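>
There are 2 protein chains.
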Amino acid sequence: MSKKRVSCGLDLGFDGDLKASIEGACSEGYDFVCVDLVDPKQRTPFLKCSAGHRTGDASEPDFMLRSQEWSTLVVGKMSQWISFSGSDLDKATDEGSAHEELNFAAYLSLPAMLVHLQNEDCASLAKLVYTHLLRSHHNLTMWVCVPLTHTDGECNGNTEKSVSPWRWWNKFRVLCNYHNRVGVALQITADLPDQAEIAQWLGEPIKVVVLHTSVFLCNRKGYPVLSRAHQSLMVQFFKLNCQVLITGNYSHHDGVRVYQQYIAHLYENQPPPDQYEIFSKGYEDYLQSPLQPLMDNLESATYEVFEKDPVKYVKYREAICECLIDRVPERDADTTVTVVMVLGAGRGPLVRAALQAAQNAKRKIKCYAVEKNASASVTLQLLKRTEWANDDVTIVSSDMRVWNAPELADIIISELLGSFGDNELSPECLDGAERFLKTDAISIPSSYTSYLSPASSQKLFNEVTAASALDRDKPKETAFETPYVVRIHNYNELATAKPVFTFKHPSFSGKDKEENVINTENLNEGTKLHQLRNARHVELSFDISSDTVLHGLAGYFYCSLYKDICISIVPESHSPGMFSWFPLFFPLLNPIQVNNGGKVIVNIWRCCLGQKVWYEWAITEPCISPIHNPGGRSYTIGL
Amino acid sequence: MSKKRVSCGLDLGFDGDLKASIEGACSEGYDFVCVDLVDPKQRTPFLKCSAGHRTGDASEPDFMLRSQEWSTLVVGKMSQWISFSGSDLDKATDEGSAHEELNFAAYLSLPAMLVHLQNEDCASLAKLVYTHLLRSHHNLTMWVCVPLTHTDGECNGNTEKSVSPWRWWNKFRVLCNYHNRVGVALQITADLPDQAEIAQWLGEPIKVVVLHTSVFLCNRKGYPVLSRAHQSLMVQFFKLNCQVLITGNYSHHDGVRVYQQYIAHLYENQPPPDQYEIFSKGYEDYLQSPLQPLMDNLESATYEVFEKDPVKYVKYREAICECLIDRVPERDADTTVTVVMVLGAGRGPLVRAALQAAQNAKRKIKCYAVEKNASASVTLQLLKRTEWANDDVTIVSSDMRVWNAPELADIIISELLGSFGDNELSPECLDGAERFLKTDAISIPSSYTSYLSPASSQKLFNEVTAASALDRDKPKETAFETPYVVRIHNYNELATAKPVFTFKHPSFSGKDKEENVINTENLNEGTKLHQLRNARHVELSFDISSDTVLHGLAGYFYCSLYKDICISIVPESHSPGMFSWFPLFFPLLNPIQVNNGGKVIVNIWRCCLGQKVWYEWAITEPCISPIHNPGGRSYTIGL
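As you go down the protein sequences, you meet chains A and B in turn. Here the numbering used here is used: the first residue of the first sequence is 52, the next is one more, and so on. Here the numbering used here is used: the first residue of the second sequence is 52, the next is one more, and so on.
#1: Which one of Met346(A), Pro400(A), Pro673(A), Asp90(A) has the shortest CA to CA distance from Gly127(A)?
#2: Output, in chain order, the set of chain B residues within a Cβ distance shorter than 7 Å of His588(A).
#3: Would you check whether the ligand SAH has a heavy atom nearer than 8 Å to the C-beta of Gly472(B)?
#4: Should Tyr607(B) and Leu253(B) be called a contact, given that it needs their Cβ atoms to be closer than 9 Å?
#5: Just tell me which of Pro344(A), Val84(A), Leu243(A) has its CA closest to the CA of Leu468(A).
#6: Just to confirm before moving on: does the CB-CB distance between Met115(B) and Lys70(B) stay below 9 Å?
#7: Could you check the C-alpha separation between Met164(A) and His150(A) for me, to the nearest Å?
#8: CA-CA distance, Ser426(A) and Asp87(B)?
#9: Assuming Asn654(A) is part of the alpha helix (DSSP H), what are its boundary residues?
#10: So, at 6 Å on beta carbons, what are the nonlocal neighbours of Gly472(B) in its own chain, with the 5 sequence-adjacent residues on each side left out?
#11: Among residues of its own chain, excluding the 5 on either side of Leu574(A), which ones have a beta-carbon nearer than 7 Å to its beta-carbon?
#12: Starting from Pro198(B), follow its DSSP beta bridges and name the residues at the other end.
#13: Let's test the definition: count the other Cβ atoms within 10 Å of the Cβ of Tyr158(B) and tell me whether it reaches 16, buried, or not, exposed.
#14: Residues of chain A with CB under 7 Å from Val536(B), in chain order?
#15: Please classify Val568(A): is it buried, with 16 or more other beta-carbons within 10 angstroms of its beta-carbon, or exposed?
#16: If I measure Cβ to Cβ from Glu514(B) and keep anything under 7 Å in the same chain, skipping five residues before and after, which residues do I get?
#17: What do you get for Cys432(B), buried or exposed, if any count of 16 or more other CB atoms within 10 angstroms of its CB means buried?
#18: Can you tell me which residues form a DSSP beta bridge with Trp665(A)?
#19: List, in chain order, every chain B residue whose beta-carbon is nearer than 7 Å to that of Ala669(A).
#20: Just the chain A side, please: which residues come within less than 8 Å of Asp139(B) by C-beta, in chain order?
#21: Compare the C-alpha of Thr389(B) against each of Pro400(B), Leu375(B), Glu381(B), Gly399(B) and name the closest.
#22: Given Asn170(A), which residues of its chain have a CB within under 7 Å of its CB, disregarding the five upstream and five downstream residues?
#23: Identify which residue in Ser597(B), Gly67(B), Phe135(B), Gln662(B) has its Cα closest to the Cα of Pro216(B).
#24: When you compare the CB positions of Tyr229(A) and Pro642(A), do they come within less than 9 Å of one another, or not?
#25: Excluding the 5 residues preceding and the 5 following Asp443(A) in the sequence, name in chain order all residues of the same chain whose CB lies nearer than 6 Å to its CB.
#26: Check whether the region 546–560 of chain A touches the region 61–70 of chain B, taking contact to mean three or more Cβ pairs, one atom from each stretch, closer than 8 Å.
#27: Hey, would you say Val447(B) sits closer than 9 Å to Ala420(B), going by beta carbons?
#28: Sorted by chain position, which residues of the same chain lie with C-beta nearer than 8 Å to Pro681(A)'s C-beta, five sequence neighbours on each side aside?
#29: Can you tell me where the alpha helix (DSSP H) with Thr182(A) in it begins and where it stops?
#30: Could you check if Asp145(A) is buried or exposed, using at least 16 other CB atoms within 10 Å of its CB as the buried criterion?
#31: For chain B, find out if any of its Cβ atoms is closer than 9 Å to the Cβ of Gln644(A); answer yes or no.
#32: Which value, in whole angstroms, describes the spacing of the CA atoms of Asn585(B) and Arg657(B)?
#33: Give, in chain order, every unbroken run of the beta strand (DSSP E) that is at least 3 residues long and sits entirely within the region 387–439 of chain A.
#34: Determine the contact status of Glu623(A) and Lys650(A), defining contact as a CB-CB distance below 9 Å.
#35: I need the straight-line Cα distance from Ile678(A) to Glu590(A), nearest angstrom please.
#36: DSSP has Tyr609(B) in a bridge; who is on the other side?
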């Protein structure tokens with residue numbers, strides 16, 4: 052079977068005949084098993100008899116399996132009687148026992164160890180695990196097991212109090228400083244919380260979903276199935292590439308295989324991925340530096356990818372068409388020639404869109420294709436001789452900011468937007484083109500607005516941390532003060548995105564242009580004004596409705612091409628199927644813990660100085676962060 | 052005058068004849084002046100006319116003063132009309148003007164620039180200042196001016212709302228990432244807040260106290276004086292080496308000198324420093340690595356300093372005396388010889404105390420002076436031949452943990468405590484001496500307890516940051532995971548210290564000793580037990596009654612020598628005049644913002660493994676920190 056399948060494990064508890072049991076589980080379709088490393092019935096306090104002195108079956112002797120089997124098929128479980136409570140000596144004894152089990156798991160080269168959290172009182176266990184991870188050289192991953200919901204009946208007498216196991220997990224992993232080998236084993240409970248509470252987990256590194264057999268229902272044929280709500284939950288977690296672990300008693304006449312079969316069935320019958328998901332496959336949570344098409348020339352391959360977008364150029368064509376019809380009354384259609392300038396023509400997709408739009412609108416256009424990338428101009432020249440041989444197209448190999456246009460434009464068309472709208476310096480480029488616009492000229496796009504939302508994602512935080520560790524020559528903060536283009540995936544959006552910076556083009560309207568020219572008469576002062584008018588600052592406030600950790604800000608754009616024709620990558624209004632832009636992620640140096648009902652207040656600046664533009668950002672609620680990227684020390688965009 | 056005096060400045064506002072005015076101020080006794088760099092009356096928007104184009108008196112021409120005068124006598128003031136409000140262009144214009152003023156201050160080499168905060172809306176100003184500090188190469192210090200109290204009448208209509216200017220300052224300096232050239236200019240108001248609010252400022256880098264002439268009262272002779280409450284406030288700030296700036300109108304017939312004279316008078320008439328203050332002069336907030344007297348031998352000079360303590364040995368003498376009297380009835384005074392062993396005798400102060408105590412108690416003792424530092428033993432041998440020639444003193448050059456004592460001890464006396472009690476491994480040392488104790492033997496000290504309190508101190512945080520930056524070969528976190536011995540001074544203790552770890556000696560009582568011997572029969576297991584029984588973990592909760600920032604934990608000890616005779620460096624019970632120990636400061640990697648009414652929960656572990664002992668610590672409320680010093684990676688104490 053070439054199709055990807057879900058990895059499914061079986062909890063065996065303590066098993067006297069591990070070899071036979073593993074063979075049994077594998078033949079039932081399971082990929083791994085989970086076992087107690089110490090017999091819970093024979094548990095012996097650490098001090099009385101350390102592992103080396105034990106006799107009998109208290110723990111699994113290593114010669115039962117080959118090391119390759121231990122390291123691929125067996126996940127260990129830490130004894131649940133280890134509680135770090137009681138007297139100083141009791142605690143110390145528990146610590147000794149836990150160390151012994153972890154060392155034993157490492158000795159056997161197990162791939163993972165399951166550690167159960169019973170409540171929020173997990174500091175000493177976290178300390179033990181963290182210390183172990185730092186000290187040892189193996190690759191043991193910790194699966195921190197917490198239930199999806201938990202009701203604490205004991206502490207409140209007769210009224211049951213719902214507590215948040217997410218808080219247990221959060222405490223554990225922050226104490227472990229977000230160690231990347233500490234993941235979640237999420238126990239699915241029969242009762243499910245609301246989607247907001249489920250969403251809390253979407254930004255967490257979930258390694259395995261634990262399904263107790265008692266959570267399954269029985270269908271009419273007597274086979275175990277999950278409720279609809281549980282099914283859709285599982286589909287959410289399948290997207291995060293979780294494994295599944297089946298635990299609990301079973302008595303089906305077909306044996307334990309029926310659970311694995313059901314999970315495999317569920318996995319195979321997920322809704323098929325959409326175009327965006329297919330395109331972005333493999334890019335999930337992968338950090339990329341934003342393009343700098345102004346400083347660096349794009350490569351042909353990059354153009355090729357973007358030209359394939361099934362949505363973008365359709366929208367441009369519609370926008371140009373509508374604009375041409377609005378601009379030229381039908382009676383003048385044969386006589387009036389509209390001067391259209393494509394600014395940043397690349398390999399010609401917008402020229403093509405303009406020519407098609409003119410045909411559809413039945414209007415005449417004269418098209419200038421302005422492109423600063425000389426290599427791309429070669430392609431444009433070829434297209435002019437071939438595809439556009441019968442059209443009025445002029446290829447201009449120049450930067451629009453310095454080009455001396457031979458006439459004024461009716462319409463300028465550009466696609467200079469980055470994931471965060473203005474972050475590839477569209478405002479500065481189009482400002483530079485205003486010199487050759489008619490006073491009533493139209494820009495397509497006519498305006499664009501960047502958007503931000505607060506995001507929780509340990510995955511992205513760990514990716515940035517890894518980037519920071521890799522680049523040892525740079526200060527630690529550099530990687531955290533750089534925005535990344537990334538298909539954010541294993542994350543939880545904490546609030547609806549809000550608008551940030553808006554730019555309209557042309558920046559003047561009608562007779563304003565005259566004034567503008569007057570203002571820029573003094574070239575020195577004018578340059579300064581030019582820089583300043585694209586500087587921005589906003590403060591955004593987001594209401595947060597769950598306990599969470601803020602790791603950064605997800606940036607998007609909404610762009611109005613012409614009138615109500617728009618393209619958007621803002622989640623709420625995302626143009627369906629458009630894949631040309633992944634979001635822009637602004638990381639934070641230090642994750643910020645936010646409580647349910649709290650606020651996140653973000654300050655973000657767009658700064659312009661000399662030949663550079665950059666963003667600075669800071670959080671001022673629920674607590675204050677330092678300003679990120681002050682003076683553009685870590686990241687700037689070159690003009 | 053050799054006595055230190057307080058530096059006092061005068062606010063001149065915008066002054067057309069700066070040279071004459073400075074000469075005037077100096078002749079009136081002032082040390083510096085504070086001036087507007089741009090005439091507030093003639094302020095010109097940045098865009099219309101940049102500094103280079105200005106004419107007339109709009110700003111001070113640099114040739115008015117010699118550069119040495121600019122750099123020592125003049126503090127600049129940023130124009131208060133710069134507010135970063137209004138349209139994008141207004142904000143950008145303000146940014147330009149502010150940059151211009153800062154550049155002008157830097158050009159003149161001014162030592163400091165006063166920047167007023169009007170409210171909590173200071174993010175853009177902070178961004179500007181922070182960027183300027185990072186980008187420029189001069190040493191301009193920012194004096195961030197905030198009032199001590201502020202009532203906001205505008206925003207709430209007729210009811211006045213008291214707001215906390217400390218929050219303005221906190222937001223500003225955290226946005227500036229605690230930059231060490233950002234300090235406070237604290238404007239003293241006529242109304243004073245309660246001491247808790249004043250205490251908020253004691254951990255802040257207060258550079259100057261600003262006194263408006265309207266805050267002064269008029270005494271019977273017509274001279275300006277401060278109220279008693281203001282006087283005691285000033286004395287608190289004098290301890291932090293603040294300067295004073297006089298501002299506002301004055302009309303006294305003796306001129307402005309009367310204010311400087313009064314401040315100088317107040318400064319000279321502070322209460323004299325106590326013995327502890329005299330001893331610790333110059334050590335304020337200076338980080339020292341804790342001694343490791345077990346791994347490293349102390350130097351003679353170190354012994355010499357500690358022997359001068361006016362309190363410690365008196366207390367030991369009293370304790371030994373009382374113990375001898377309790378132990379030997381008067382009728383046996385002539386016949387019974389008490390075997391006293393001084394463990395860690397150093398250069399003999401405890402031997403001397405024991406001999407004096409025996410004399411006072413009229414009891415006979417046989418004294419063993421055990422010292423592992425062979426160099427110190429030389430001194431002990433000399434003392435035996437001279438000062439102690441008539442006493443029964445045996446010098447033993449050995450480590451108490453391996454010494455084969457020729458007889459069992461009645462009393463063991465030691466001074467092995469560090470600032471945090473057990474942090475110089477007194478428990479492990481005295482455990483090693485239990486082999487040669489009688490079953491009813493007494494240890495002086497009989498027990499000791501470490502204490503912790505949460506502390507706010509930007510000064511200490513900056514010192515640790517500086518230590519981290521200096522030692523580039525070590526990971527960034529190392530300096531933040533090391534406790535420091537430090538005379539904490541510019542700090543605010545956020546809650547009363549609470550007990551942490553207690554150790555009692557001997558660890559057995561009476562017949563327990565027999566059991567203890569049995570338990571340690573198996574040497575291997577016994578060693579493990581020995582290690583584990585000194586491991587500890589506690590969780591401490593502190594109620595916080597002001598908005599603040601937690602930078603670390605201040606550690607102390609309380610030690611019971613014998614019965615109710617004790618020595619302590621816990622603030623509430625500090626032995627008066629005892630100077631042998633400064634507190635131990637446990638830093639935090641990231642400062643934690645705490646709100647009034649919130650809790651700080653601390654977890655701290657004492658860990659023992661192999662030949663090492665260390666602490667790990669973490670905060671779990673109001674938010675969770677990573678565990679500091681996991682596995683002793685940054686700091687251990689060697690056995």
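Positions of the beta carbon are idealized from the N, C-alpha and C atoms, including for glycine. These numbers come from a predicted model, not from an experiment.
Concretely, from the data shown:
#1: On the first sequence, position 76 is the one that residue 127(A) refers to. Among Met346(A), Pro400(A), Pro673(A), Asp90(A), the Cα nearest to that of Gly127(A) is on Asp90(A).
#2: On the first sequence, position 537 is the one that residue 588(A) refers to. Within chain B, the residues near His588(A) are Lys142, Ser175.
#3: Of ligands this structure carries none, so the ligand SAH is not represented either.
#4: As a working note, residue 607(B) is residue 556 in the second sequence. As a working note, residue 253(B) is residue 202 in the second sequence. Remark: C-beta atoms of Tyr607(B) and Leu253(B) do not approach each other more closely than 9 Å.
#5: If you number the first sequence from 1, residue 468(A) lands on position 417. From the listed residues Pro344(A), Val84(A), Leu243(A), the smallest Cα separation to Leu468(A) is found for Pro344(A).
#6: Within the second sequence, numbered from 1, the residue matching residue 115(B) stands at position 64. Within the second sequence, numbered from 1, the residue matching residue 70(B) stands at position 19. A contact, by the Cβ cut-off of 9 Å.
#7: Working through the first sequence from its first residue, we reach residue 164(A) at position 113. Working through the first sequence from its first residue, we reach residue 150(A) at position 99. Approximately 12 Å, taken between the alpha carbons.
#8: Your numbering for residue 426(A) matches position 375 in the first sequence. Your numbering for residue 87(B) matches position 36 in the second sequence. Distance between the alpha carbons of Ser426(A) and Asp87(B) is about 56 Å.
#9: The sequence position of residue 654(A) within the first sequence is 603, counting from 1. Premise fails: Asn654(A) lies in the beta strand (DSSP E), 650–660, not in any alpha helix (DSSP H).
#10: Within the second sequence, residue 472(B) is the residue found at index 421, counting from 1. If we look at Gly472(B) and ignore the five residues flanking it on each side, its Cβ neighbours are Tyr499, Ser501, Phe608.
#11: Taking the first residue of the first sequence as position 1, residue 574(A) is located at position 523. Residue placement at Leu574(A) is flagged as unreliable, the pLDDT there being 39, under the threshold of 50; the coordinate-derived value follows with that caveat. Within the same chain, no Cβ atom closer than 7 Å to the Cβ of Leu574(A) is found once the five residues on either side in sequence are excluded.
#12: Sequence index remark: in the second sequence, residue 198(B) carries index 147 (1-based). By DSSP's assignment, Pro198(B) forms a beta bridge with Gln238(B).
#13: For the purposes of this step, residue 158(B) is taken as residue 107 along the second sequence, with counting starting at 1. By the 16-neighbour rule on beta-carbons within 10 angstroms, Tyr158(B) is exposed.
#14: Residue 536(B) sits at position 485 when you count from the first residue of the second sequence. Per Cβ cutoff of 7 Å: no residues; Val536(B) is ~25 Å from chain A at best.
#15: Here the question's residue 568(A) lines up with position 517 in the first sequence. Residue placement at Val568(A) is poorly supported in this model, since its pLDDT is 44, which falls under 50; the coordinates still yield a value, given next. Residue burial is scored here from C-beta neighbours: Val568(A) has fewer than 16 other C-beta atoms within 10 angstroms and is therefore classed as exposed.
#16: As a first step, residue 514(B) must be located in the second sequence, where it is residue number 463. Same-chain partners within the cutoff: Asp336, Leu338.
#17: The sequence position of residue 432(B) within the second sequence is 381, counting from 1. Residue 432(B) is actually Gln in this sequence, not Cys. By the Cβ-count criterion, Gln432(B) is exposed, with fewer than 16 other Cβ atoms from all chains shown falling within 10 Å of its own Cβ.
#18: Within the first sequence, numbered from 1, the residue matching residue 665(A) stands at position 614. Per DSSP, Cys658(A).
#19: As a working note, residue 669(A) is residue 618 in the first sequence. Per Cβ cutoff of 7 Å: Ala174, Leu226.
#20: Within the second sequence, the letter at position 88 stands for residue 139(B). Per Cβ cutoff of 8 Å: Arg584, Ala586, Arg587, His588.
#21: Against the second sequence, residue 389(B) aligns to sequence position 338. Here the closest residue by C-alpha is Leu375(B).
#22: Counting from one through the first sequence, the residue named residue 170(A) turns up at place 119. Contacts found: Trp219.
#23: Position 165 of the second sequence, counting from 1, holds the residue named residue 216(B). From the listed residues Ser597(B), Gly67(B), Phe135(B), Gln662(B), the smallest Cα separation to Pro216(B) is found for Ser597(B).
#24: For the purposes of this step, residue 229(A) is taken as the residue at position 178 of the first sequence. For the purposes of this step, residue 642(A) is taken as the residue at position 591 of the first sequence. For Tyr229(A) and Pro642(A), yes; Cβs fall inside 9 Å.
#25: Walking along the first sequence from the start, residue 443(A) turns up at place 392. Correct list, in chain order: Lys417.
#26: No: the two stretches stay apart, fewer than three of their Cβ pairs being nearer than 8 Å.
#27: On the second sequence, position 396 is the one that residue 447(B) refers to. On the second sequence, position 369 is the one that residue 420(B) refers to. Yes, the Cβ-Cβ distance between Val447(B) and Ala420(B) is below 9 Å.
#28: One-based indexing of the first sequence puts residue 681(A) at position 630. Only Glu667 meet the Cβ criterion.
#29: Counting from one through the first sequence, the residue named residue 182(A) turns up at place 131. Note, Thr182(A): alpha helix (DSSP H), 174–186.
#30: Indexing the first sequence from 1 puts residue 145(A) at position 94. Sixteen is the threshold: when 16 or more other Cβ atoms of the shown chains lie within 10 Å of the Cβ of Asp145(A), as they do, the residue is buried.
#31: Start at 1 with the first residue of the first sequence, and residue 644(A) comes out as number 593. Residue-level contact by beta carbon holds for Gln644(A) and chain B, with a gap shorter than 9 Å.
#32: Mapped onto the second sequence, residue 585(B) falls at position 534. Mapped onto the second sequence, residue 657(B) falls at position 606. So the two alpha carbons sit approximately 8 Å from each other.
#33: You should have 388–394, 415–422.
#34: If you number the first sequence from 1, residue 623(A) lands on position 572. If you number the first sequence from 1, residue 650(A) lands on position 599. For Glu623(A) and Lys650(A), no; Cβs fall outside 9 Å.
#35: Stepping through the first sequence from its first residue, residue 678(A) is reached at position 627. Stepping through the first sequence from its first residue, residue 590(A) is reached at position 539. Per the coordinates, the alpha-carbon of Ile678(A) lies some 13 Å from the alpha-carbon of Glu590(A).
#36: Stepping through the second sequence from its first residue, residue 609(B) is reached at position 558. Per DSSP, the beta bridge partners of Tyr609(B) are Thr500(B), Ser619(B).
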